[in-house]
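Residue numbers (numbering that gives the first Met the number 0), protein chains in the order written: chain A, 0 to 345; chain B, 0 to 345. All residues carry an ideal CB built from backbone N, CA and C; glycine is no exception. Working notes, beginning with the structure itself.
Number of protein chains: 2
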Amino acid sequence: MIQNTQIVYAKPPADGALPDPAGTFSVVRTPFDAQAVNLKSGEVLVENHYLSIDPYHRFGLYDPALTRSQFPATKPGTIISTYGISRVLRSANPKYAVGDLLYSWVRWERFTVVDEPNLQYLQKVKAGIDPVHYLGPLGGPGLTGYAGITQIAKPKAGETIVVSATTGAVGMVASQLAKRLGLTVVGMAGSDEKVRYLVDELGLDAAFNYRAAASLEDALKKHCPQGIDIFFDLVGGKILDAALTQMKLGGRIPSAGMVSQYNLPHDKRYGLKNLHSIVGMDITIQSYRSSSWEHLVAEMREEFEAPLSDGRMKFKTHVAEGLENLPAAFYGMFTGESFGKTVVKV
Amino acid sequence: MIQNTQIVYAKPPADGALPDPAGTFSVVRTPFDAQAVNLKSGEVLVENHYLSIDPYHRFGLYDPALTRSQFPATKPGTIISTYGISRVLRSANPKYAVGDLLYSWVRWERFTVVDEPNLQYLQKVKAGIDPVHYLGPLGGPGLTGYAGITQIAKPKAGETIVVSATTGAVGMVASQLAKRLGLTVVGMAGSDEKVRYLVDELGLDAAFNYRAAASLEDALKKHCPQGIDIFFDLVGGKILDAALTQMKLGGRIPSAGMVSQYNLPHDKRYGLKNLHSIVGMDITIQSYRSSSWEHLVAEMREEFEAPLSDGRMKFKTHVAEGLENLPAAFYGMFTGESFGKTVVKV
Chain A
0 MIQNTQIVYA
10 KPPADGALPD
20 PAGTFSVVRT
30 PFDAQAVNLK
40 SGEVLVENHY
50 LSIDPYHRFG
60 LYDPALTRSQ
70 FPATKPGTII
80 STYGISRVLR
90 SANPKYAVGD
100 LLYSWVRWER
110 FTVVDEPNLQ
120 YLQKVKAGID
130 PVHYLGPLGG
140 PGLTGYAGIT
150 QIAKPKAGET
160 IVVSATTGAV
170 GMVASQLAKR
180 LGLTVVGMAG
190 SDEKVRYLVD
200 ELGLDAAFNY
210 RAAASLEDAL
220 KKHCPQGIDI
230 FFDLVGGKIL
240 DAALTQMKLG
250 GRIPSAGMVS
260 QYNLPHDKRY
270 GLKNLHSIVG
280 MDITIQSYRS
290 SSWEHLVAEM
300 REEFEAPLSD
310 GRMKFKTHVA
320 EGLENLPAAF
330 YGMFTGESFG
340 KTVVKV
Chain B
0 MIQNTQIVYA
10 KPPADGALPD
20 PAGTFSVVRT
30 PFDAQAVNLK
40 SGEVLVENHY
50 LSIDPYHRFG
60 LYDPALTRSQ
70 FPATKPGTII
80 STYGISRVLR
90 SANPKYAVGD
100 LLYSWVRWER
110 FTVVDEPNLQ
120 YLQKVKAGID
130 PVHYLGPLGG
140 PGLTGYAGIT
150 QIAKPKAGET
160 IVVSATTGAV
170 GMVASQLAKR
180 LGLTVVGMAG
190 SDEKVRYLVD
200 ELGLDAAFNY
210 RAAASLEDAL
220 KKHCPQGIDI
230 FFDLVGGKIL
240 DAALTQMKLG
250 GRIPSAGMVS
260 QYNLPHDKRY
270 GLKNLHSIVG
280 MDITIQSYRS
290 SSWEHLVAEM
300 REEFEAPLSD
310 GRMKFKTHVA
320 EGLENLPAAF
330 YGMFTGESFG
340 KTVVKV
């Protein structure tokens, strides 16, 4: 008999620890009969083919008795919601037919019933486009990179931008877009292989291995001798701290994430010592949610579809095979084991 | 014989220490004959009556061999430039007559020859206005408060703003302007006397003694139960760190200074642990120089002159008597001994 496999949030990681693949989630298998599912009018039953795992899924995974956060705590027993690529198995909705391939808002499971409030997020995958790109440069990560560059950084040709976590989903988009806009683009990554990819494949002006650098400040100074106009930050912590000392007058810091700090308890967090470097420097640090820029999705796709198709824009995907391997892939995203945007092939 | 007294920068404070009034500056007295001064065409000789001392004067006072800063290091032997209120003693300039009272860009000394490049900063003091207000709400500090509120914070009526260093020159302006714009305004200060002044005299909605608070986070939470829309920061360090955890979605943090960090060596600086609270919160932290908003001076004076005259807007000045007491007054500004905007009556 067919089973629905679900990745269920079991309990919070120890205060600030990594989301241990064995303890944080459990893999639950339940017999599943697609024909027996009772669909209400408008609802759609889909089978998920690819699921997105993103750093932000970490935000709710804490014990509210131990940790304070501006994000609501996820309740144990929850199956995390995410973007996916899904095929329609049954439909009680005239807009979606059996067999349609959709960019979807589903859950970390094999089968999802998309109910009324979530129908708004369904879109048919356009012919000729790699469906997985909807989970990267044509979806949320793409929008984060696109809005961060065009709306927050507002770059001028000739400026110098540094992008952290450059081989991550957002970093790949932001750095290539910046390059196309005429900026000098400096990237960084945690291995020499990734650094080579940034320069040789993505065509950045320079990149360095932040794990191997004796001093991050010196590495930035070497690659940005005139200083940094834009620091596109996804990492926070010591990389941000080093960059703060190298910012030029009028610099911008789009803050799209601080992944280095997500798995640390409060007392282990990196204490930033250089924020006062911004004083008197007309510098803007701006955090944002990609969802605040949803109205730019069409414009962004317009911008990215052609260069993705003809290879001018590249995007590397780390595909974890099998839903049961999702917890390990989630873990690997924080340890730097994965290379490129992480998705799970169900 | 008349003397020109000058406060000469002697040597940097020990790495990151307070600017020790005895060692950092020396008081130099030189015989001075106003008639013997050789004025070039266009130049003006003024006698300074009031001189402004501001936290930003600290920026250049470091040893470049020990400390790195984005600001150029002041050379020992320099007399610091500042805004003042000055009377024209001799003039080789048709625009300024002997006896004119001027808002001026002079130096920490009794007599200054205003030469060609600095003439642009001279303005006649308007009749009916307390000249010292030009060093406060009608001058640089006023502009810092005005631009920070109107251009950076862009407040909406009904929002909650917290202003740090609220009894300082900029804080008094920013908090009263915010109150006038219909915001709920929470202030803080380092003594109960100052706290009472904020509520009873300036009319803020609430204020607390940040030195007496067991937890800054709890104090902020108590006074801003719905969270903080705008944190107008002049202090940085632990107060900023506490505020970061209480910011609402879409919050703004105009950063007009981080006075708590100016007198600390790098290893003693406060390590901010909560910056990652901004992630996903659409929060903007923006530092700025008031000089970037000089074009707003006329509009700001228009806004402030009447309420200052009729007492709707208040401004407290800490007047240090005698130029030789300038170093001690400068020191007192960082220790919290002074109350209100510090000026020296020459």
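Query: Should Val234(A) and Ala206(A) be called a contact, given that it needs their Cβ atoms to be closer than 8 Å?; Result: no
Query: Report yes or no: do the segment 249 to 264 of chain B and the segment 220 to 240 of chain B share at least 3 C-beta pairs separated by less than 8 Å?; Result: yes
Query: State buried or exposed for Pro93(A), treating a residue as buried only when at least 16 other CB atoms are found within 10 Å of its CB.; Result: exposed
Query: Look up Ala16(A) in the DSSP assignment and say whether it is helix, strand or coil.; Result: coil
Query: Establish whether the CB of Ser90(B) and some CB of chain A are separated by less than 8 Å.; Result: no
Query: Since Val124(B) is in the beta strand (DSSP E), which residue starts that stretch and which ends it?; Result: Element bounds for Val124(B): n/a, residue is neither H nor E.
Query: Which complete alpha helix (DSSP H) runs does the segment 249 to 306 of chain B hold, if anything under 4 residues is left out?; Result: none
Query: Exposed or buried, which one is Ala13(B) when buried takes at least 16 other CB atoms within 10 Å?; Result: exposed
Query: Would you verify that the beta carbon of Leu346(B) is, or is not, closer than 8 Å to some beta carbon of chain A?; Result: This structure leaves residue 346(B) out entirely; chain B is present only between 0 and 345.
Query: Could you tell me whether the Cβ of Ile79(A) comes closer than 8 Å to any Cβ of chain B?; Result: no
Query: Between the segment 284 to 303 of chain B and the segment 206 to 223 of chain B, can you find at least three pairs of beta-carbon atoms closer than 8 Å?; Result: no
Query: Could you please give the first and the last residue of the uninterrupted alpha helix (DSSP H) stretch that includes Arg225(A)?; Result: According to the sequence provided, residue 225(A) is Gln. The question's Arg does not apply to it. That residue, Gln225(A), is in no alpha helix (DSSP H); it is neither H nor E in DSSP.
Query: Between the segment 28 to 48 of chain B and the segment 89 to 107 of chain B, do at least 3 Cβ pairs fall closer than 8 Å?; Result: yes
Query: Classify Leu325(B) as buried or exposed, calling it buried when 16 or more other Cβ atoms lie within 10 Å of its own Cβ.; Result: buried
Query: Is it true that the segment 114 to 130 of chain A meets the segment 55 to 67 of chain A, where meeting means three or more beta-carbon pairs spaced less than 8 Å apart?; Result: no
Query: Out of Glu108(A), Tyr133(A), Ala152(A), state which residue places its alpha-carbon closest to the alpha-carbon of Phe31(A).; Result: Glu108(A)
Query: In three-state DSSP terms, what is Glu108(B)?; Result: strand
Query: Fully enclosed by the segment 130 to 164 of chain B, which alpha helix (DSSP H) runs are 4 residues long or longer?; Result: 139 to 146
Query: Report yes or no: do the segment 254 to 273 of chain A and the segment 7 to 24 of chain A share at least 3 C-beta pairs separated by less than 8 Å?; Result: yes
Query: One question on the structure: do Thr341(B) and Ile52(B) come within less than 8 Å of each other, judged by their Cβ atoms?; Result: yes
Query: For a contact meaning CB atoms closer than 8 Å, what does Gly270(A) contact in chain B?; Result: Tyr269, Gly270, Leu271, Lys272
Query: I'd like the span of the beta strand (DSSP E) that includes Lys340(A), first residue to last.; Result: 340 to 344
Query: Check for me: the beta strand (DSSP E) holding Met187(A) runs from which residue to which?; Result: 183 to 188
Query: Please name the residue in Gln2(B), Val162(B), Asp199(B), Ala156(B) whose C-alpha comes closest to that of Gly181(B).; Result: Ala156(B)
Query: Take the Cβ of Lys39(A) as the centre, count every other Cβ of all protein chains shown within 10 Å, and call the residue buried at 16 or more, exposed below.; Result: exposed
Query: Does the distance from the CB of Ser48(B) to the CB of Ile79(B) come in under 8 Å?; Result: First, the amino acid is wrong: residue 48(B) is His here, not Ser. Not closer than 8 Å, so no.
Query: Can you list the residues of chain B that Ile277(A) reaches, using a CB-CB cut of under 8 Å?; Result: Ser254, Ile284, Ser286
Query: By DSSP, does Leu50(B) sit in helix, in strand, or in coil?; Result: strand
Query: Just how far apart, CA to CA, sit Ala146(A) and Ala319(B)?; Result: 51 Å
Query: Are Lys313(A) and Leu201(A) touching if we call contact CB-CB under 8 Å?; Result: yes
Query: If we define contact as Cβ-Cβ less than 8 Å, is His265(B) a contact residue for chain A?; Result: yes
Query: DSSP three-state label for Pro30(A), please.; Result: strand
Query: Given that a residue counts as buried once 16 or more other Cβ atoms are within 10 Å of its Cβ, and exposed if not, what is Pro71(A)?; Result: exposed
Query: DSSP three-state call for Ile79(A): helix, strand or coil?; Result: coil
Query: What three-state label does DSSP hand Gln245(B) in the structure shown?; Result: coil
Query: Report the three-state DSSP secondary structure of Ile238(B) (helix, strand or coil).; Result: helix
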